[in-house]
């Protein structure tokens, strides 16, 4: 079983990779290779990193569409960190049902605190609370 810290490290690296992708538009393979050279990559859950980085890039349009109703401005006006974190969380909501929605939100808030601006995590939390109701409706109802 994968440790929580290995998954967290994979999310951190995916956030950094998506940040780079959003700013530079570099090819996913190039970003992937750069992230694998980062200190601590050996401590990451490699499968989860691959799923997040490549899955978010491939599905960015669909994930953005899911997020749009809950944003107070166009997504391209968000900071690249907030945007990357929201895309990762939306991807996990949709494709990793084994991860409880509250864990997805908590991890996203931690990523926003680590990499984002002063209050960016509050915005991320608010958007994901609303997104969870649509993407994880049954789980939100049963877990409250």
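Residue numbers (full-length UniProt numbering): 1 to 144.
Ideal Cβ placement from N, Cα and C applies to all residues, glycine included.
Nothing here was measured: the structure is a model prediction, and the numbers come from that model.
- With DSSP collapsed to three states, give me the class of residue 137. helix
- Where residue 102 and residue 5 are concerned, what is the direct C-alpha to C-alpha distance, given to the nearest angstrom? 16 Å
- Task: Assign residue 118 to one of two classes, buried (16 or more other C-beta atoms within 10 Å of its C-beta) or exposed (fewer than that).
- Result: exposed
- Item | Beta-carbon proximity of residue 130 to residue 70, cut-off 8 Å | yes
- Are the Cβ atoms of residue 133 and residue 109 separated by less than 8 Å? no
- Task: Report yes or no: do the stretch 32–49 and the stretch 61–77 share at least 3 C-beta pairs separated by less than 8 Å?
- Result: no
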